[in-house]
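Novice: Chains as they are written, first to last, in the working numbering: chain V, 5 to 207; chain R, 5 to 207.
This is the structure I want to talk about, given as structure tokens.
2 protein chains.
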Amino acid sequence: MAQKGILVVISGPAGSGKGTVNAHLLQTGDFAFSVSATTRAPRPGEIEGVNYHFITKEDFLRRIADGDMLEYTEYCGNYYGTPRREAEAVLESGKNLILEIEVDGASQVKRKFPDAVLIMLLPPSYAVQEQRLRGRGTETEDKVLARLAQAKEELNYLPRYDYVVYNEDGGALRCAEEIMEILRAEQHCVYRHPDAIENYFKS
Amino acid sequence: MAQKGILVVISGPAGSGKGTVNAHLLQTGDFAFSVSATTRAPRPGEIEGVNYHFITKEDFLRRIADGDMLEYTEYCGNYYGTPRREAEAVLESGKNLILEIEVDGASQVKRKFPDAVLIMLLPPSYAVQEQRLRGRGTETEDKVLARLAQAKEELNYLPRYDYVVYNEDGGALRCAEEIMEILRAEQHCVYRHPDAIENYFKS
């Protein structure tokens, strides 16, 4: 049974270890990237269709209106987004697709693509999160406080997510395994097998 | 995080290998039984609270009325059912509980206990199922045809189930592993962590 891949949205506040977990996931070979679209100009060496799809602002806005952007955001006057067609091409190939995006983008994706699986990665507790952010020693106190405040906001979105995974200290590999398990389980969801009854009697 | 166990309903038509899969699951040690209630008289050697809770018909009917039976069925003039309190005691202990019941009982459970996970175990196809039933060589042609007809009926209930697991030839152990994976994934469901935000800031 060749099955479509799953669109996985992974969000997590600063200190959740999201980057390391995603690196482990990508190493499994079960994932592919989609190329994002942007309205910013290519930097030297960036290649169209590899780093980004470089498109005009008019084109970007039309795609939003057409519902062809699964999610998008504006940053420093430029738009960045995930074209639906790009994502669907990956999923049709049977590979999963990870989108590492913020809570607002995650909600956008779920509305436009209800089969997406939304996973929130969390430190085991606020106390541990604070410890991790301060432990880096690379950020000013103001910045640490700003990130902690943002994390509190982000946590309010948890009820919109499907799954929560806790990243204990040094547990990034375990988190990646738990996420792979979640995706294998999701492949068994009845709603992902709309032709199950028909196929049962056909084959 | 001590988490409650999961109530798992496993259904499957004749030839799905349900019995073998469940035996593998029970061997993992992650499951406990609940003791069913019945109105039939104890047979010699049967012990109250071990084999069954032997109760009167009046008591049984009152429990149905009180919503204290997760599911029940009548067979040869006697009632058999799963008391809600029995099931909840198992789940509170952190163990999962398997109920191996028919499609109608499964729907009853889901209505009364929405957190239950309904899994349908299926042979890979109708052709394989037919082969398996005939291959046993122990049943009359009439009985084989009756079972196949019943399986067709049962399959209509598939959309009420959460997950479908296919049992390929000799794949019972793999099915058990897939079911364990589904249960581990379910433990990450956000709705199973209603106090997640509160706990995050408390600890």
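Glycine included, C-beta positions come from ideal geometry on N, C-alpha and C.
Determine, using beta carbons only, whether R138 (chain R) comes closer than 8 Å to chain V.
Specialist: Residue 138 (chain R) sits at position 134 when you count from the first residue of the second sequence. No, because no Cβ of chain V sits closer than 8 Å to the Cβ of R138 (chain R).
Novice: Between P128 (chain V) and the rest of its own chain, which residues show a CB-CB distance below 6 Å, the 5 nearest in sequence each way excluded?
Specialist: Counting from 1 along the first sequence, the entry for residue 128 (chain V) is found at position 124. These residues qualify, in order along the chain: Y170, E172.
Novice: Does the distance from the CB of R136 (chain R) to the CB of N82 (chain R) come in under 8 Å?
Specialist: Numbered from 1 along the second sequence, position 132 holds the residue referred to as residue 136 (chain R). Numbered from 1 along the second sequence, position 78 holds the residue referred to as residue 82 (chain R). No; because the gap between Cβ atoms is not below 8 Å, this pair is not in contact.
Novice: With a threshold of 16 other CB atoms inside 10 Å of the CB of Q210 (chain V), please say whether the residue is buried or exposed.
Specialist: Since the first residue shown for chain V is 5 and the last is 207, residue 210 (chain V) is missing from the structure and cannot be characterised.
Novice: If you draw a straight line from the alpha carbon of V94 (chain R) to that of R140 (chain R), how long is it in whole angstroms?
Specialist: Residue numbering aside, residue 94 (chain R) sits at position 90 when the second sequence is read from its first letter. Residue numbering aside, residue 140 (chain R) sits at position 136 when the second sequence is read from its first letter. Distance between the alpha carbons of V94 (chain R) and R140 (chain R): 36 Å.
Novice: How close, in whole Å, do the beta carbons of I10 (chain R) and E104 (chain R) come, if the pair is a contact with beta carbons under 8 Å?
Specialist: Working through the second sequence from its first residue, we reach residue 10 (chain R) at position 6. Working through the second sequence from its first residue, we reach residue 104 (chain R) at position 100. In fact, because the Cβ distance is near 15 Å, the residues do not count as touching under 8 Å.
Novice: Taking a contact to mean a Cβ-Cβ separation below 8 Å, would you say Y167 (chain R) touches I186 (chain R) in this structure?
Specialist: As a working mapping, residue 167 (chain R) is identified with position 163 in the second sequence. As a working mapping, residue 186 (chain R) is identified with position 182 in the second sequence. In contact: Y167 (chain R) and I186 (chain R) (Cβ atoms closer than 8 Å).
Novice: What are the residues of the stretch 167–185 of chain V that lie near chain R, defined by any Cβ-Cβ distance shorter than 8 Å?
Specialist: Listed in sequence order: Y167, V168, V169, Y170, E182, E185.
Novice: Could you say which of R:A41, R:N203, R:E52, R:R47 lies nearest to F64 (chain R) if we only look at CA atoms?
Specialist: Numbered from its first residue, the second sequence carries residue 64 (chain R) at position 60. Nearest C-alpha to F64 (chain R): R:A41.
Novice: Using a beta-carbon distance cut-off of less than 9 Å, what residues from the stretch 119–137 of chain V approach chain R?
Specialist: From the stretch 119–137 of chain V, only L122, I123, M124, L126, P127, P128, S129, Y130, A131, V132, Q133 have a Cβ closer than 9 Å to chain R.
Novice: Tell me, please, whether the CB atom of H192 (chain R) is closer than 8 Å to any CB atom in chain V?
Specialist: Within the second sequence, numbered from 1, the residue matching residue 192 (chain R) stands at position 188. Yes, H192 (chain R) counts as interfacial toward chain V.
Novice: Please tell me whether R44 (chain V) has its Cβ less than 8 Å away from any Cβ of chain R.
Specialist: If you number the first sequence from 1, residue 44 (chain V) lands on position 40. Output row for R44 (chain V): interface = no.
Novice: In the DSSP assignment, find the beta strand (DSSP E) that holds L103 (chain R) and state where it starts and stops.
Specialist: Position 99 of the second sequence, counted from the first residue, corresponds to residue 103 (chain R). Segment 100–104, the beta strand (DSSP E) holding L103 (chain R).
Novice: Just checking: is the beta-carbon of A18 (chain R) within a distance shorter than 8 Å of some beta-carbon in chain V?
Specialist: Numbered from its first residue, the second sequence carries residue 18 (chain R) at position 14. Not closer than 8 Å to any Cβ of chain V, the Cβ of A18 (chain R) fails to qualify, so no.
Novice: Report back the beta-carbon spacing between V12 (chain V) and I102 (chain V) to the nearest angstrom; my notes put them in contact at under 8 Å.
Specialist: On the first sequence, residue 12 (chain V) is found 8 positions in, with the first residue counted as 1. On the first sequence, residue 102 (chain V) is found 98 positions in, with the first residue counted as 1. Their Cβ separation, rounded to whole angstroms, is 5 Å, which keeps V12 (chain V) and I102 (chain V) in contact under 8 Å.
Novice: Where do the ends of the alpha helix (DSSP H) carrying I183 (chain V) lie?
Specialist: The residue you call residue 183 (chain V) lines up with position 179 of the first sequence. That run of the alpha helix (DSSP H) goes 176–190.
Novice: Could you check what DSSP says for E52 (chain R) in three-state terms: helix, strand or coil?
Specialist: To locate residue 52 (chain R), count along the second sequence from 1; it is residue 48. In the structure shown, E52 (chain R) sits in a strand (DSSP, three-state: E or B).
Novice: Any contact of the stretch 104–116 of chain V with the stretch 71–78 of chain V, i.e. 3+ C-beta pairs under 8 Å?
Specialist: Flag = yes, the stretch 104–116 of chain V and the stretch 71–78 of chain V touch.
Novice: Is it right to say V25 (chain R) is buried, meaning 16 or more other beta carbons lie within 10 angstroms of its own, or is it exposed?
Specialist: Within the second sequence, the letter at position 21 stands for residue 25 (chain R). It is buried - the Cβ of V25 (chain R) has at least 16 other Cβ atoms within 10 Å.
Novice: In its own chain, which residues sit with a C-beta less than 6 Å from the C-beta of M5 (chain V), not counting the 5 before and 5 after it?
Specialist: For the purposes of this step, residue 5 (chain V) is taken as residue 1 along the first sequence, with counting starting at 1. Residue confidence for M5 (chain V) is low, a pLDDT of 48 falling below 50, so the modelled location carries little weight; the figure read from the coordinates is stated next. Closer than 6 Å at the Cβ level, and outside the excluded window around M5 (chain V), lies no residue.
Novice: So what does DSSP say about I123 (chain R), is it helix, strand or coil?
Specialist: Numbered from 1 along the second sequence, position 119 holds the residue referred to as residue 123 (chain R). DSSP places I123 (chain R) in strand when its eight states are reduced to three.
Novice: Do you know whose CA, among R:E90, R:R196, R:K22, lies nearest G53 (chain R)'s CA?
Specialist: On the second sequence, position 49 is the one that residue 53 (chain R) refers to. Nearest of R:E90, R:R196, R:K22 to G53 (chain R), Cα basis: R:E90.
Novice: Would you mind telling me which residues of chain R sit closer than 7 Å to Y76 (chain V), beta carbon to beta carbon, in chain order?
Specialist: Along the first sequence, one-based indexing puts residue 76 (chain V) at 72. Per Cβ cutoff of 7 Å: no residues; Y76 (chain V) is ~25 Å from chain R at best.
Novice: Run through the DSSP bridge pairs and tell me what T42 (chain R) is partnered with.
Specialist: By one-based count along the second sequence, residue 42 (chain R) stands at place 38. T42 (chain R) pairs with R:F58, R:Y84.
Novice: Comparing alpha-carbon positions, which option in V:Q7, V:R88, V:C80 lies nearest R115 (chain V)?
Specialist: Walking along the first sequence from the start, residue 115 (chain V) turns up at place 111. Comparing Cα positions, the closest option is V:R88.
Novice: Of all the residues that make up the stretch 23–54 of chain R, which are near chain V by a beta-carbon distance shorter than 8 Å?
Specialist: Under the 8 Å Cβ criterion, the stretch 23–54 of chain R contributes no residue.
Novice: So is E161 (chain V) in contact with chain R if we call contact Cβ pairs under 8 Å?
Specialist: Counting from 1 along the first sequence, the entry for residue 161 (chain V) is found at position 157. A quick correction: the sequence has Tyr, not Glu, at residue 161 (chain V). No, Y161 (chain V) does not count as interfacial toward chain R.
Novice: Compare the C-beta of A153 (chain V) against all C-beta atoms of chain R and say whether one is closer than 8 Å.
Specialist: As a first step, residue 153 (chain V) is located in the first sequence; it is residue number 149 there, counting from the start. By this cut-off, A153 (chain V) is not an interface position.
Novice: Rounded to whole angstroms, what is the Cα-Cα separation between Q154 (chain V) and C80 (chain V)?
Specialist: The residue labelled residue 154 (chain V) in the question sits at position 150 within the first sequence. The residue labelled residue 80 (chain V) in the question sits at position 76 within the first sequence. Rounded to the nearest angstrom, the two C-alpha atoms are 19 Å apart.
Novice: Exposed or buried, what is E182 (chain V) when buried is set at 16 or more other beta-carbons lying within 10 Å of its beta-carbon?
Specialist: Residue numbering aside, residue 182 (chain V) sits at position 178 when the first sequence is read from its first letter. Buried, since its Cβ has 16 or more Cβ neighbours within 10 Å.
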